[in-house]
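In the working numbering, the protein residues as written are 6 to 127. By construction, the Cβ of each residue, glycine as well, lies at the ideal position given by its N, Cα and C atoms.
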Amino acid sequence: MDMEIPEKTQNQIMQFQQLQQQLQVIGAQRHQLELQEHELTRTLEEIANIKEGAAIYRTIGSILVKAESKESVEKELKEQKEVLEIRLKTIKKQEGQLKEKYLSLQKEISKALGDISGDEAS
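Laid out in structure tokens, this is it:
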């Protein structure tokens, strides 16, 4: 009772495994972006609490450099956050599309394998 899987179904299984890997990668990327967004939000909150005229330093590579002003740092961080939010929105959309393909392919494979095992039982 050797079960022969059709080539089409084998290809679907390979595609399914690739989608699974892509979902893992994109999920890790999304998580990383969410962490960066959270860190930027916290930084902006802390900067808002700093008194006007206080020295603010920013990192450039591996060194700290005194920033021109609180406003310049705040502006730069807000711009970074906006870019990050756009990237995050895009990656979430991609992740959603991949999940839809993944679930659809999962159903097709299950049906195909169910049909094969049903044929074998006959």
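What are the residues that DSSP puts in a beta bridge with residue i?
i: LYS71; result: TYR62
For my contact list, residue i and residue j are in at a C-beta cut-off of 8 Å; report their separation, rounded to the angstrom.
i: GLU57; j: LYS75; result: 7 Å
i: VAL78; j: ARG63; result: 6 Å
i: LYS116; j: ARG35; result: Incorrect: roughly 30 Å between the Cβ atoms, too far for contact.
i: LEU103; j: GLN17; result: Actually they are not in contact, since the Cβ atoms of LEU103 and GLN17 sit about 15 Å apart, beyond 8 Å.
i: LEU45; j: LYS94; result: Not a contact, Cβ separation roughly 15 Å.
i: LYS112; j: LEU24; result: Contact flag wrong, Cβ pair sits at about 13 Å.
i: THR14; j: ILE114; result: 6 Å
Return helix, strand or coil for residue i, following the three-state DSSP convention.
i: ILE132; result: Nothing in the structure corresponds to residue 132, since the chain is present only between 6 and 127.
i: GLU9; result: coil
i: LYS56; result: coil
By alpha-carbon positions, which one of the options ends up nearest to residue i?
i: ALA72; options: GLY66, LEU82, LYS83, ALA60; result: ALA60
i: LYS83; options: ILE52, LEU69, GLU105; result: ILE52
i: GLU100; options: GLN27, ILE55, GLN15; result: GLN27
i: VAL88; options: ASN54, GLU39, GLY119; result: GLU39
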